[in-house]
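Novice:
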Amino acid sequence: MILIAFTSGTLAPAWDLSELPDAALHNSKIETAIDFFLNSRSTFAIIDKGRSAEERSCIWVEKGHFYGMGYITSDVAITEPSQIKDFVTPYVSNQYIMQLIDSYAKKYPRKVFFNRNGWIE
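Using the working numbering, you'd call the opening residue of the sequence shown number 241 and step up by one each time.
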């Protein structure tokens, strides 16, 4: 409940702090919400043709943000998704680039090779 108090000739809100939740409980709920939000975002790679037959292009998206892009030589076997980071150059993510990546991934789903549930063949 907010009460209005007249202080020093001006109106100022006076907060009834008895109605606030316990700080530890509130912080726990906020941390749970943040964890859910961060973990529900997609992590995946888009693998496509490279500049030559000996390489493949790669775009890495981590937790819903563009991480980077680069090239992987065809003789490299990726066994863990985290290995992809070794082959990409990090770039700054923004909403426009993510819109382009999401559109491409929806248009060419066979080029999307990883999501948080595992490799997609």
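For each residue, glycine too, the CB sits at the ideal point set by N, CA and C. Note that this is a predicted model, so its numbers are computed, not measured.
Could you spell out where the alpha helix (DSSP H) holding Ala345 opens and where it closes?
Specialist: Looking at the DSSP string, the run of the alpha helix (DSSP H) that includes Ala345 is 335-347.
Novice: Using the C-alpha atoms, what's the distance from Gly290 back to Asn279?
Specialist: Rounded to whole angstroms, Asn279 to Gly290 spans 30 Å at the Cα level.
Novice: So, for Glu361: in the same chain, excluding its five sequence neighbours on each side, which residues have a beta-carbon less than 7 Å away from its beta-carbon?
Specialist: Low confidence applies to Glu361: its pLDDT is 37, below 50, so where it sits in the model is not reliable, and the reading given next is rough at best. For Glu361, where only same-chain residues beyond five positions count, there are no Cβ hits under 7 Å.
Novice: DSSP beta-bridge partners for His266?
Specialist: Its beta-bridge partners do not exist; DSSP assigns none.
Novice: Count the CB pairs spanning the segment 317-329 and the segment 255-267 that are closer than 8 Å, and state whether there are at least three.
Specialist: The segment 317-329, when compared against the segment 255-267, does not touch it at the 8 Å Cβ threshold.
Novice: I believe Ala285 touches Ile299 by the beta-carbon criterion, under 8 Å. Please report the beta-carbon distance rounded to the nearest angstrom.
Specialist: Indeed, because the Cβ distance is near 7 Å, the residues count as touching under 8 Å.
Novice: Could you check which residue in Ile287, Glu320, Arg350 has the C-alpha nearest to that of Glu295?
Specialist: That would be Ile287, whose Cα lies nearest to the Cα of Glu295.
Novice: Identify every residue that forms a DSSP beta bridge with Gly310.
Specialist: DSSP, once it has assigned bridges, lists Cys298, Val328 as partnering Gly310.
Novice: Tell me which residues share the same chain as Asn357 and place their Cβ nearer than 8 Å to its Cβ, disregarding the 5 neighbours each side in the sequence.
Specialist: For Asn357, the pLDDT reaches just 45, beneath the cut-off of 50, and the residue's location in the model is therefore unreliable, leaving the point undetermined.
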